[in-house]
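Under numbering that gives the first Met the number 0, think of the first position of the sequence shown as 0, with each following residue one higher.
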Amino acid sequence: MDIAIGCDEAAFTLKETIRDFLEAEGHAITDYGTYDGAPVLYPDIAVTVAEAIKAGTHERGILLCGTGIGVAISANKVHGIRAAQTHDTYSAERAMKSNNAQIITLGARVIGPELAKTIVKAYLSSQFSGGPSAEKISRIAYYEERLPV
Numbered sequence: 000m001d002i003a004i005g006c007d008e009a010a011f012t013l014k015e016t017i018r019d020f021l022e023a024e025g026h027a028i029t030d031y032g033t034y035d036g037a038p039v040l041y042p043d044i045a046v047t048v049a050e051a052i053k054a055g056t057h058e059r060g061i062l063l064c065g066t067g068i069g070v071a072i073s074a075n076k077v078h079g080i081r082a083a084q085t086h087d088t089y090s091a092e093r094a095m096k097s098n099n100a101q102i103i104t105l106g107a108r109v110i111g112p113e114l115a116k117t118i119v120k121a122y123l124s125s126q127f128s129g130g131p132s133a134e135k136i137s138r139i140a141y142y143e144e145r146l147p148v
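Printed below as a string of structure tokens:
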């Protein structure tokens with residue numbers, strides 16, 4: 000799978016761990032930074048990843064910051080993107096199965112590296128199930144189109 004990944008300085012170490020894990024699993028990874036522990040504005044990275052996902056450059060995305068909240072809020076500003084904050088395998092699976100989320104977010108100050116790996120694996124091994132959820136996703140898209148930008 001072709002995956003975009005990005006983070007802020009608070010999550011740099013965890014991003015490196017996840018990137019290495021994904022590469023070892025055989026995924027193609029594009030790293031949108033940050034590339035060291037220097038402070039960055041996470042909205043810039045989150046929006047860049049979200050725009051690349053929207054453009055079809057990557058199949059899915061993973062964003063990380065201290066809590067996973069800021070990058071989720073930022074990525075969700077991109078029209079058509081659904082980024083879901085996940086801190087356990089159930090929410091990661093549901094992000095895809097029920098919400099067809101193109102991006103998950105993780106908090107480096109909330110979860111450790113081994114849990115992060117299992118969350119990412121759960122997300123990537125899940126597929127959108129459609130069914131009753133399809134109507135809900137359509138309604139989200141309806142409001143996204145209807146409400147002013």
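Yeah, the Cβ is synthetic: ideal placement off N, Cα and C, and Gly gets one too.
All values reported here derive from a predicted model rather than from experimental measurement.
Cβ neighbours of residue 128 within its own chain (closer than 8 Å, five residues either side excluded): 96, 97.
If one requires a minimum length of 3 residues, the beta strand (DSSP E) runs lying completely within the region 26-109 are 27-30, 59-64, 82-84, 102-106, in chain order. Inter-residue distance for residue 37 and residue 134 is about 43 Å (C-alpha atoms, whole angstroms). By the neighbour-count criterion, in which 16 or more other beta carbons inside 10 Å mark a residue as buried, residue 76 falls on the exposed side. Boundaries of the beta strand (DSSP E) harbouring residue 3: 1-6, taken from the DSSP string. Taking 8 Å as the cut-off, the beta carbon of residue 91 is found no closer than this to the beta carbon of residue 82. In this structure, DSSP gives residue 24 a state outside helix and strand, which the three-state scheme calls coil. For residue 128, the three-state secondary structure derived from DSSP is coil.
Linking residue 86 to residue 109 through their CA atoms gives a straight-line distance of about 8 Å. DSSP, read as helix, strand or coil, puts residue 112 in helix. For residue 13, the secondary structure class from DSSP, reduced to helix, strand or coil, is helix.
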